[in-house]
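End of the sequence shown = 306 in my numbering, gap-free, step of one.
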Amino acid sequence: MDMIVKAEAVTKTYLMGKRSLTVLNGVSVGIRPGETVAVIGPSGAGKSTLLHALGGLDQPTTGEVWFKGQSLYRLSPEERTMIRARHVGFVFQSYHLLPELDVVENVMLPTMAIRGMRRERAKTLERAEHLLDTVGLSDRLRHTPLELSGGEQQRVALARALMNEPELVLADEPTGNLDSVTGEHILKCLFGLTRERRHTLVLVTHNNEIAARCDRVIRMKDGRVEE
Ligand SMILES: Nc1ncnc2c1ncn2[C@@H]1O[C@H](COP(=O)(O)OP(=O)(O)OP(=O)(O)O)[C@@H](O)[C@H]1O
Ligand SMILES: [Mg+2]
C-alpha cells in the first residue's frame, strides 16, 4: 500500500563551530495510512527531529521526505505550509499555545492558514467547541493558556492539532509532563479521535505501555532506526 509519509535516507547534521553533529544518520521509514505508530528510544536519539522532518517543519540535510507522493522539501515553503495546514496536526513536546489568545481562539488557529475557512467562522467555532468538549474543557473556553494547568494546556494543544481533521497526526510525548490520570485521558482522546476517523498517528513516547498500544513500534538510537 502507498505510504502517507515516507523518509528516505534522511540525515540531519548540525554545524557547531568547526565540529558537526549528526542527529539523523540515514533514516528510512514509511508510515501507512491509518496506522498508529510509536517512536521510542533514548533521549537525544533523534525522535523529535524525525517527527519534525516528517511533518515538513525541519529540512533534512540530505535524503528526502515524501508526503502522499510529493517530495516535501522540493516544494516551496508556501506549498509546504499549505500541506501542513491541510493535512498535518502537531502536538508538540511543549504545548506551543499562544498566550494572548484564549482557548477557543488557540484551537481555531489552524483554520486561519486556510483561505476560505476564515469565512466559515461559525462552523469552525462550533467544531472548536465540540473538540474542547471532547477533551473535557467545555468550561474553560475563554481562559487564556496562562490560566490553565499543564494538562489542560496539552488538551487544548490536542484539540488544536485535530482542528483541521488532519490525515496525519504527529504527537511528541503528548503525555510526558502529565500525571498518569490526565495522561490517560489525553491518550484516550488521541487514540479515540484518530482511530475513529482512520487518521494516521505517529506518537513519540518514552513509555513502553503506550508504545504497546500502537500498531507498530519504531525504535531509534543514535540517529538511526533499529529494526
Ligand atoms: N538546533 C540544534 N542544534 C544543534 N543540535 C541540536 C539542535 N536541535 C537538536 N539538536 C541535537 O539533536 C539531538 C537529537 O535531538 P532530538 O530532539 O531529536 O532528540 P529526542 O530523541 O527527541 O530526545 P528527547 O527524548 O530528549 O526529546 C540531540 O542530541 C540534540 O542536542
Ligand atoms: Mg524529543
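Even glycine gets a Cβ: it sits at the ideal position worked out from N, Cα and C.
Note to self: Between which residues of its own chain and residue 142 is the CB-CB distance below 6 angstroms, once the five residues before and five after are set aside?
What the structure shows: Excluding residues within five positions, the ones whose Cβ falls inside 6 angstroms are 87, 88, 89 and 90.
Check: Can the beta-carbon of residue 108 be found closer than 8 angstroms to that of residue 297?
Finding: At the C-beta level, residue 108 and residue 297 come within 8 angstroms of one another.
Next item on the list: Out of 112, 94, 92 and 130, point me to the one whose CA is closest to residue 251's CA.
Entry: Of the candidates 112, 94, 92 and 130, the one whose C-alpha sits nearest the C-alpha of residue 251 is 130.
Check: At which residue ranges does the region 152 to 205 contain complete alpha helix (DSSP H) runs of 4 or more residues, listed in the order of the chain?
Finding: Annotation note: the region 152 to 205 contains the following uninterrupted alpha helix (DSSP H) runs of length 4 or greater, listed N- to C-terminal: 156 to 166 and 182 to 191.
Notebook entry, point to check: Counting by C-beta, which residues lie closer than 7 angstroms to a heavy atom of ligand 2, in chain order?
Noted result: Output, sorted by chain position: 126, 127, 172, 251, 252 and 283.
Notebook entry, point to check: Any idea if residue 149 is buried or exposed, counting beta-carbon neighbours within 10 angstroms, 16 or more meaning buried?
Noted result: Residue burial is scored here from C-beta neighbours: residue 149 has fewer than 16 other C-beta atoms within 10 angstroms and is therefore classed as exposed.
Notebook entry, point to check: Does DSSP put residue 83 in a helix, in a strand, or in coil?
Noted result: For residue 83, the three-state secondary structure derived from DSSP is coil.
Next item on the list: Take residue 85 as the anchor and find which of 114, 186, 269 and 213 has the nearest alpha-carbon.
Entry: Here the closest residue by C-alpha is 114.
Next item on the list: Taking only heavy atoms of ligand 1 into account, decide whether any of them is closer than 7 angstroms to the Cβ of residue 86.
Entry: Outside the cutoff, so no.
Note to self: Count Cβ pairs between the region 150 to 165 and the region 200 to 207 that sit closer than 8 angstroms; are there 3 or more?
What the structure shows: No, the region 150 to 165 is not in contact with the region 200 to 207.
Next item on the list: Just list the alpha helix (DSSP H) runs in the region 201 to 289, keeping only unbroken ones of 4 residues or longer that don't cross its boundaries, in chain order.
Entry: Restricted to the region 201 to 289, the alpha helix (DSSP H) segments that are unbroken, complete and at least 4 residues in length are 229 to 241 and 259 to 275, listed in chain order.
Next item on the list: Closer than 6 angstroms by C-beta to residue 262: which residues in its own chain qualify, once you throw out the five before and the five after it? Chain order, please.
Entry: Answer for residue 262: 254, listed in chain order.
Next item on the list: Check whether the Cβ atoms of residue 117 and residue 282 sit closer than 8 angstroms, and answer yes or no.
Entry: It is a contact, given that the beta carbons lie within the stated cut-off.
Check: Any chance the CB of residue 116 is under 7 angstroms from a heavy atom of ligand 1?
Finding: Residue 116 Cβ: outside cutoff for every heavy atom of ligand 1.
Next item on the list: Under 8 angstroms by Cβ, that's how I've got residue 242 and residue 178 pegged, so tell me the actual separation to the nearest angstrom.
Entry: About 19 angstroms; that fails the 8 angstroms criterion.
Item checked: Range of the contiguous beta strand (DSSP E) that encloses residue 141 -> Segment 141 to 146, the beta strand (DSSP E) holding residue 141.
Notebook entry, point to check: Heavy atom of ligand 1 less than 7 angstroms from the Cβ of residue 102, yes or no?
Noted result: For residue 102, the shortest C-beta to heavy atom distance toward ligand 1 is below 7 angstroms.
Next item on the list: Mark residue 185 as exposed unless 16 or more other C-beta atoms lie within 10 angstroms of its C-beta, in which case mark it buried.
Entry: So residue 185 ends up on the buried side.
Next item on the list: Flag this pair as yes or no: are the beta carbons of residue 135 and residue 106 separated by less than 8 angstroms?
Entry: Not a contact, by the Cβ cut-off of 8 angstroms.
Note to self: In the DSSP output, which residue or residues are listed as bridge partners for residue 126?
What the structure shows: Residue pairing by DSSP places residue 126 opposite no residue, since no beta bridge is assigned to it.
Notebook entry, point to check: If you count every other CB in all the chains shown that lies within 10 Å of the CB of residue 127, and 16 or more means buried, which is it?
Noted result: Under this definition residue 127 is a buried residue.
Next item on the list: List the whole-angstrom C-beta distance separating residue 103 from residue 139, where the pair is believed to meet the contact cut-off of C-beta under 8 angstroms.
Entry: About 7 angstroms; that satisfies the 8 angstroms criterion.
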